[in-house]
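Everything in the sequence shown is counted per the numbering used here, starting at 256 for the first residue and increasing by one. For glycine and all other residues, C-beta sits at the position ideal for the given N, C-alpha and C. Note that the coordinates shown come from a computational prediction; the quantities given were computed from them, not determined experimentally.
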Amino acid sequence: MIKLIASDMDGTFLDGSGQFDRARFERILDGLDARGIRFAVASGRPYLALAALFEGFEKRVIFIAENGSLVVEKEQVHFEALMPPSLYLAIVASLERNPFARQGQWLLSGKRASYVLETAPQEYVAHIAHYYEKVTRVRDFAAIEDDIFKITAQFDEELVQQAAQWLNQDVPGVTALVTGFDAIDIVRSDVDKQTGLEKLCQDLVLYPADLLVFGDNLNDYRMMEYAGTAIATANARQEIKQLADLVIGPCDQEAVQAYLEEFLWQQ
256 MIKLIASDMD
266 GTFLDGSGQF
276 DRARFERILD
286 GLDARGIRFA
296 VASGRPYLAL
306 AALFEGFEKR
316 VIFIAENGSL
326 VVEKEQVHFE
336 ALMPPSLYLA
346 IVASLERNPF
356 ARQGQWLLSG
366 KRASYVLETA
376 PQEYVAHIAH
386 YYEKVTRVRD
396 FAAIEDDIFK
406 ITAQFDEELV
416 QQAAQWLNQD
426 VPGVTALVTG
436 FDAIDIVRSD
446 VDKQTGLEKL
456 CQDLVLYPAD
466 LLVFGDNLND
476 YRMMEYAGTA
486 IATANARQEI
496 KQLADLVIGP
506 CDQEAVQAYL
516 EEFLWQQ
C-alpha cells in the first residue's frame, strides 16, 4: 500500500515554464490527505526556492531539497548534510580547471542564500535566479558565512556527461549528478535524493514498498531504484525510462498530476 509519494520537480512535476496548476494540485493533495498518504517534493532546488514555489502548501508537503542534502517537514529538519568549506572550495578549484566548464557559471547553494562570483555572467545569473532564491554576488567564495549544501554548475549539453565524470575523478568525497541537459549538481558523495528519502522513511517508519516516486533525470536514478514503484515521464532520459516500472506522458501535459488523479480514483 502506498503511504508516501515523492516527485522530482523540473522535467517531472512542473511544466516547461517551471509552474504547476495550483488548484488541481490542491484537489490532489486533499485526496492524498484523506487517505493518509504524504507527498514529498524531491528536487535539486534549494529549500528556500521550493518553499516559495509551494507557498500555501508548505505545511502540507515534505521537502527533500538540495538533491537530498536537506529534508524539511513543517519547517522541522529531518536531515541535513552540509559541505565543509574545505570541500566546497576544493570543488570550486576543480571547476576552475575543468576543461569542460563554462567559466564562472557555478553557484553555491546555502541555507540563507545562494552565491555566485562578482564576475559571473549576467545572463547566467538571470537564468539561475529562476531556480534559486536570494542569488548573491560575492568577491570570494572563501568569505561566505553560511552553511553550504551543494554546488551547481552549467556546461554545454554535449559535454555534460564528460564534465561529470571529470569532476567525480578529480575531487574525492563528492558526486557530480547530471540534473538537467546542461547542468550538474555536486554534492557530498554520501548524499543524493535516495539518501534524503531513506532518512525520511526511517523517521516515518516506512519501507521501499510504501513508496511511489516520479523522476526524469539521472539525479533521480537511485531514488527511483530505491522505491517500490518508480514512474518516469515521457521526456525522461533513456536510462530513467529503462529503470521505471511505468512511463507516462510528458511533464508539459501534467502527466504526474493526471496519474495521481487516476491513482486516487482507484483507491
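Problem set entry | Nearest residue (CA-CA) to I406, options V442, H382 and Q420 | Residue nearest to I406 within the set V442, H382 and Q420 is V442 (criterion: CA-CA distance).
Exercise. Can you name the start and end residues of the alpha helix (DSSP H) that A306 belongs to?
Worked result: For A306, the uninterrupted alpha helix (DSSP H) segment begins and ends at Y302 to L308.
Exercise. Between I319 and L325, what straight-line distance do the alpha-carbon atoms span, to the nearest angstrom?
Worked result: Between the alpha carbons of I319 and L325 lies a distance of about 6 Å.
Problem set entry | Buried or exposed by the 16-neighbour rule on C-beta atoms within 10 Å, applied to T374 | By the neighbour-count rule (16 or more Cβ atoms within 10 Å), T374 is not buried but exposed.
Exercise. In whole angstroms, what is the alpha-carbon distance linking T267 and D395?
Worked result: Taking the Cα positions, T267 is about 35 Å away from D395.
Problem set entry | Cutoff 8 Å; reference N432; Cβ partners in own chain excluding five residues on either side | In the sequence as displayed, the identity of residue 432 is Leu instead of Asn. Cβ neighbours of L432 within its own chain (closer than 8 Å, five residues either side excluded): G299, N322, A419, I439, D440, I441, V442, D447, L473 and N474.
Problem set entry | Validate contact between the region 495-508 and the region 346-353 using beta carbons, cut 8 Å, 3 pairs | Too few Cβ pairs lie closer than 8 Å, so no.
Exercise. Roughly how many angstroms separate the alpha carbons of E335 and D445, rounded to a whole number?
Worked result: Between the alpha carbons of E335 and D445 lies a gap of roughly 12 Å.
Exercise. With C-beta atoms as the reference, is Q466 less than 9 Å away from L259?
Worked result: The question names Gln, but residue 466 in the sequence shown is Leu. The Cβ atoms of L466 and L259 lie closer than 9 Å to each other.
For this session: Using 10 angstroms around the beta-carbon of L452, count the other beta-carbons present and answer buried if the total reaches 16, otherwise exposed.
Result: Taking all protein chains shown into account, L452 has 16 or more neighbouring C-beta atoms within 10 Å of its C-beta and is therefore buried.
Exercise. How would you label G520, buried or exposed, when you count the other beta carbons within 10 angstroms and need 16 or more for buried?
Worked result: Correcting the residue identity first, residue 520 is Trp in this sequence and not Gly. Of the residues assessed, W520 falls on the exposed side of the cut-off, its CB having fewer than 16 other CB atoms within 10 angstroms.
Exercise. Are three or more beta carbon pairs between the region 397-411 and the region 359-369 nearer than 8 Å?
Worked result: Yes, since at least three Cβ pairs between the region 397-411 and the region 359-369 fall closer than 8 Å, the two stretches touch.
For this session: Would you grab the beta carbon distance between D276 and E509 for me? Rounded to a whole angstrom, and I think it's under 8 Å.
Result: Indeed, because the Cβ distance is near 6 Å, the residues count as touching under 8 Å.
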